[in-house]
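**Student:** Pasting a structure below so you can have a look.
There are 2 protein chains.
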Amino acid sequence: MAPKIGSTHRRRAGGRTGKQKNIEPLQGPAYLKREIPIYEMLNEEALKKIEDNADAILEEVGIEFKEDEEVLEIWRQAGCDVQGDRVRFKKGMLRSIINATSPKQFTQHARNPAHSIEIGGDNMCFFPCYGSPFVHDLDQGRRYSKNEDFKNFIKLAHMSPWLHHSGGTIVEPMDLPVNKRHFDMVYNHIKYSDKCFMGSVTAPERAQDSIDMARILFGEEFLENNCGIISVINVNSPLTYDGTMLGALKTYAKANQAVIVTPFILMGAMGPVTLAGALSQVLAEAMAGLALIQLIRPGAPGVFGTFTSSMSLRSGAPTFGMPEPALGYIAFGQLAKRLGVPLRGGGSLTASKIPDAQAAQESADTLFPTMLAGINVVFQAAGWLEGGLTMGYEKFILDTDHLGMMHTIAKGIDVSDNGLALSAYHEVPPGQHHLGTAHTMANYKTAFYDSSTANHESFEQWQEEGSLTAAQRANRIYKQMLNDYELPPLDADIDARLQDYMQQRKDSFPDSNV
Amino acid sequence: MAPKIGSTHRRRAGGRTGKQKNIEPLQGPAYLKREIPIYEMLNEEALKKIEDNADAILEEVGIEFKEDEEVLEIWRQAGCDVQGDRVRFKKGMLRSIINATSPKQFTQHARNPAHSIEIGGDNMCFFPCYGSPFVHDLDQGRRYSKNEDFKNFIKLAHMSPWLHHSGGTIVEPMDLPVNKRHFDMVYNHIKYSDKCFMGSVTAPERAQDSIDMARILFGEEFLENNCGIISVINVNSPLTYDGTMLGALKTYAKANQAVIVTPFILMGAMGPVTLAGALSQVLAEAMAGLALIQLIRPGAPGVFGTFTSSMSLRSGAPTFGMPEPALGYIAFGQLAKRLGVPLRGGGSLTASKIPDAQAAQESADTLFPTMLAGINVVFQAAGWLEGGLTMGYEKFILDTDHLGMMHTIAKGIDVSDNGLALSAYHEVPPGQHHLGTAHTMANYKTAFYDSSTANHESFEQWQEEGSLTAAQRANRIYKQMLNDYELPPLDADIDARLQDYMQQRKDSFPDSNV
């Protein structure tokens, strides 16, 4: 089946139909391939200090693995010092385990092969946001998110040319029972998008349900040998893995499905208030999870996850888009490259409640360092508001346009003869304009990124069109997109089997909101 | 006299007085000293191609110098091929002239020595915006700027801890006659701020007036041997210098005062539509001006200026904050480092008419690459709206806060033992928080940048405080700052002599609006 990405977005979005009838449908790439190097901000000595510090934390303090005898036994077998739940690791041990078998790069398959993604190396993949219990738009303000919102954002992500993934718990479908939501979430991803998706981690059996549904979609044998589902495991920082997270990690690793091991640190709370300390801790915690995956199933795909932010010194509230975490993303890019595993981090983060200047500035100050770090898996890339508590419809549209711009950044500068344009100077004398030159005519269509949300008109024209803010333009675009959405075809037999599986499993235990 | 920078800004701004009585007055540095390397995005081969292309443009096409026989004679004496107004330069010639005597770094002196700045090397200086005929605030919208606005922005820049310079034509005082505005502008800078300032370039005699006023301030002998005034000369791209700009350039160079030579290029109009071509052209044009300065007065300070942006493919309107110019800033950082002269570029640019999400995103996408490039003179760093046609009061406040964040970015990551915080892990067992540790208590006050405009409160608290946008908070802050402004002391004799000079000169010729 042919990808339909964004086929109607650019053509009709933002009230441009009347003026721009002949703009071609916008196609985005399955994933972003970087042609620029990562920014080597820290020198060898500084990087080594952070790595040695991580090793010292692992050896001197260790990590606690709660409520999971199997995991403690795995560490004992590997030769660790295990006392109670506390496991201590010899210097360099975890890095060696990871280097031996953890893939540097792997493919996550989508049901539409044109949307399969490469995770690792010079590739970047933008995911929508994850986990918000609220949604926001200009019309209704902030309210609890529902399954309808969940579906809406899958549709919008499916249509966006600049999002490479359908995500996971894009928003919490608060109108569904907690212990059965994961069925609808996985099904909705499969049904309403043909991009890659994520599985549940809130209980080991929900992880297993996610895998079983992916097996129906991809076939058991295919899924045994390929990654069809990716999930995120949060470490209970500082230096603790709990039973729920370990259960989900083990379930996915045993099934050869990808796990993003993510220490979640607000500096000053779940880690020290200084950045180099927090970086060391994240590295230590992530290495433990990544090595554990390899001890459970050598070769199973793992991703070095990071989520490190700052706090308000006034209130202790989490802050996002601040300069300290920005420096952190860049350092993580260097640390992950040296460890040789794919990296997750960054995004379009903000503490703002609305899609205003604060939201845009903080998001940009997160996304630009994300690019410089070459982060492979970019969670929270579109929609995030209020420290992730809220998913914004207009924010989503503004963010995806911004992600499009990052595709241009990633290409770097073309220094071919055409790029250097010496011929143009022989065509145009000094003092004359280049507007109609052969070189301009040959290049102008692809020369510049064409923003779908920015207004570049004159003040008078902008005023005549209603003096709209960027958020107001985005409001129109998201509604138009939902209106234009087309369901990607899904094999009817697979669809029936998925629905059947869901119904049987849902009927097998009572609803609960735990 | 003691610097009073921002002494009241942080303490009283944004309605925080009641809650935060003991926050100390915020002091910014005289200029920003980078401790992070520039981002080496282009490799040696790519940089060489751009430099060779610039040389080819200079040799094969050349540059026109209009209405100035003296300049043509200077080029003839230097051995150039001069035909009519067209001057062609042998490969490498301009670079050699620049390398021989153009300073890599120089000091611009402020009347308050604590505010003197270092231009070049690892130093960055943030200037407010330049040249807007309109101002905007939330209360009155957009209107023509007046001398009152000009003074207001000088006061705000004086108080901001994150702006290092008072600027030049911050806004056009449209209520003053065109041919006499420069007197008031230079006087206002000297009177209402004790930071560095810029001179007029709109006519050679206005440049001379600016220098003469600086001589009154600094003393003739001091100014003969030191830089007390800096000015910006726009090249009439492509490949043309006009008589007005050459006249101003010569006037400042002869007086040993700093000139920023700035090719102004919208790609596709004043240069080719491809970035590598535009970069080559800017380098060629700027080298011509920089070398000319050295031929006029060897050792006089010159700055490699750049202003390169993209266009809307729909309307031909200029666009700002787009990814192509962002890549350009980074490349300029590398090219200027190789040329060995200070660089001007970047800023907080946007095409948006209002301080909304578009404005913030585009500004951030300009400012972050500005940091990566290590641009030494950052014009248009605060206030810019509508492609520079408008200076925004709220935008100014949002931008200066953002500039503050960049001071943290520039510091990089502290990997000292205190930064690495290993001791904290011995203090806090796994699973416990770091909120009250000795390490946190010792570091939290300086750990994180403390934004003056971002809201990090809970949704409920934010709502209770009026659900303000970032721009609405900035509106309150700018008014409070103007209310709190204190005139920096100025020697009464110097003040009288400056006023006297102005009056005599103003009386010596009739008003005109040309």
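Residue numbers (the numbering used here), protein chains in the order written: chain D, 459 to 972; chain G, 459 to 972.
Beta carbons are placed, not taken as given, at the ideal position from N, Cα and C, and that holds for glycine.
Leaving out five residues before and five after L739/G in sequence, what residues of the same chain have Cβ atoms less than 8 Å from its Cβ?
**Tutor:** Note that residue 739/G is Gln in the sequence shown here, rather than Leu. Closer than 8 Å at the Cβ level, and outside the excluded window around Q739/G, lie A512, I515, S695, P696, L697, P721, I723, G729 and P730.
**Student:** Do we get a CB-CB distance below 8 Å when we pair D642/G with the residues of chain D?
**Tutor:** No, its Cβ sits nowhere closer than 8 Å to a Cβ of chain D.
**Student:** Between the Cα of G974/G and the Cα atoms of G735/G, V719/G and Q752/G, which residue gives the shortest distance?
**Tutor:** Shown here, chain G extends from 459 to 972; a query on residue 974/G therefore has no answer.
**Student:** Between L741/G and A809/D, what straight-line distance do the alpha-carbon atoms span, to the nearest angstrom?
**Tutor:** The straight-line gap from Cα to Cα measures roughly 41 Å.
**Student:** Tell me which residues of the region 797-821 of chain G have at least one Cβ-Cβ distance to chain D shorter than 8 Å, keeping chain order.
**Tutor:** Hits within the stretch, in order: A809, S810, K811, I812, P813, D814, A815, Q816, A817, A818, Q819, E820 and S821.
**Student:** Could you pull the start and end residues of the beta strand (DSSP E) that A716/G belongs to?
**Tutor:** Segment A716 to L724, the beta strand (DSSP E) holding A716/G.
**Student:** Out of E528/G, R569/G and N581/G, state which residue places its alpha-carbon closest to the alpha-carbon of K795/G.
**Tutor:** It is N581/G whose Cα lies nearest to the Cα of K795/G.
**Student:** Looking only at its own chain, which residues have a Cβ that is under 7 Å from the Cβ of Q957/D, when we skip the five neighbours before and after it?
**Tutor:** Correct list: empty, nothing qualifies.
**Student:** I'd like to know whether the C-beta of W620/G is nearer than 8 Å to at least one C-beta of chain D.
**Tutor:** Closer than 8 Å: no.
**Student:** To which residues of the same chain is A711/G closer than 7 Å at the C-beta, ignoring the five residues directly before and after it?
**Tutor:** Within the same chain, A711/G has close Cβ partners V717, I751, I754, R755 and A758.
**Student:** Can you confirm whether T927/G, when its beta carbon is compared against all beta carbons of chain D, has any partner nearer than 8 Å?
**Tutor:** It does; some Cβ of chain D falls within 8 Å.
**Student:** Please name the residue, chosen from A615/D, F592/D, F564/D and E525/D, that lies closest to F837/D on a Cα-to-Cα basis.
**Tutor:** Taking only the C-alpha atoms, the option nearest F837/D is A615/D.
**Student:** Buried or exposed: D814/G, going by 16 or more other Cβ atoms within 10 Å of its Cβ?
**Tutor:** Buried: at least 16 other Cβ atoms inside 10 Å.
**Student:** Please report the residue range of the beta strand (DSSP E) in which H594/G lies.
**Tutor:** Run containing H594/G: F592 to D595, per the beta strand (DSSP E) assignment.
**Student:** Can you check which of these residues, P591/G, G677/G, H647/G and P495/G, is closest to A831/G by C-alpha distance?
**Tutor:** Here the closest residue by C-alpha is P495/G.
**Student:** Under the rule that 16 or more other beta-carbon atoms within 10 Å means buried, what is E482/D, buried or exposed?
**Tutor:** Low confidence applies here, because E482/D scores a pLDDT of 43, under 50, leaving its location unreliable; read the following figure in that light. E482/D should be labelled exposed.
**Student:** Quick check: what's the CA-CA separation for N480/G versus G862/G?
**Tutor:** With a pLDDT of 37 at N480/G, under the threshold of 50, the predicted position of this residue should be treated as unreliable, though the coordinate-derived value follows. N480/G and G862/G: Cα-Cα distance of roughly 20 Å.
**Student:** Would you call V972/D buried or exposed, if buried means 16 or more other Cβ atoms sit within 10 Å of its Cβ?
**Tutor:** Under this definition V972/D is an exposed residue.
**Student:** Is it buried or exposed, Q961/D, if we count other Cβ atoms within 10 angstroms and call 16 or more buried?
**Tutor:** Flag for Q961/D reads exposed.
**Student:** Checking the sheet assignment: what are the DSSP bridge partners for P776/G?
**Tutor:** In DSSP, P776/G forms a bridge with M769/G.
**Student:** Terminal residues of the continuous beta strand (DSSP E) containing I871/D?
**Tutor:** That residue, I871/D, is in no beta strand (DSSP E); it is neither H nor E in DSSP.
**Student:** Using only alpha-carbon positions, find the residue among H622/D, Q819/D and I952/D that is nearest to E678/D.
**Tutor:** When each option's Cα is compared against that of E678/D, the closest is I952/D.
**Student:** Would you mind sorting R534/D into buried or exposed? The rule is 16 or more other CB atoms within 10 Å of its CB.
**Tutor:** Flag for R534/D reads exposed.
**Student:** For the structure I just gave you, are there three or more beta carbon pairs, one from the region 838-852 of chain G and one from the region 585-599 of chain G, closer than 8 Å?
**Tutor:** Contact holds: three or more Cβ-Cβ distances are below 8 Å.
**Student:** On the three-state DSSP scale, how would you describe D875/G?
**Tutor:** D875/G: helix per DSSP, three-state reduction.
**Student:** What's the call for I674/G, buried or exposed, on a 16-neighbour Cβ count within 10 Å?
**Tutor:** When all chains shown are included, I674/G counts as buried.
**Student:** In the structure shown, what three-state DSSP assignment does L741/D receive?
**Tutor:** Three-state result, L741/D: helix.
**Student:** Is there a Cβ from chain D that is less than 8 Å from the Cβ of P483/G?
**Tutor:** Confidence is the limiting factor: at P483/G the pLDDT is only 46, short of 50, which leaves the residue's position unreliable, though a coordinate-based value still follows. No, because no Cβ of chain D sits closer than 8 Å to the Cβ of P483/G.
**Student:** Start and end of the beta strand (DSSP E) containing N692/D?
**Tutor:** Looking at the DSSP string, the run of the beta strand (DSSP E) that includes N692/D is I688 to V693.
**Student:** Do F611/G and F854/G count as a contact pair if the criterion is CB distance below 8 Å?
**Tutor:** A contact, by the Cβ cut-off of 8 Å.
**Student:** In the DSSP assignment, find the unbroken alpha helix (DSSP H) run with R601/G in it and report its ends.
**Tutor:** Where R601/G is concerned, there is no enclosing alpha helix (DSSP H), although the beta strand (DSSP E) it sits in stretches over G599 to Y602.
**Student:** Roughly how many whole angstroms lie between the Cα atoms of G537/G and L945/G?
**Tutor:** In a straight line, the C-alpha of G537/G is about 52 Å away from that of L945/G.
**Student:** Could you tell me which chain G residues have their CB closer than 8 Å to the CB of N876/D, listed as they occur along the chain?
**Tutor:** Chain G residues near N876/D: T732.
**Student:** Quick one: list the residues of chain D neighbouring M780/G, beta-carbon separation under 9 Å, in chain order.
**Tutor:** In chain order: M863, T866, F906, Y907, S909 and A912.
**Student:** Please report whether the beta-carbon of P888/G lies at a distance below 8 Å from any beta-carbon of chain D.
**Tutor:** Yes, contact with chain D.
**Student:** Would the beta-carbon of K964/D be found less than 7 Å away from any heavy atom of the ligand GDP?
**Tutor:** This structure simply doesn't include the ligand GDP, nor any ligand for that matter.
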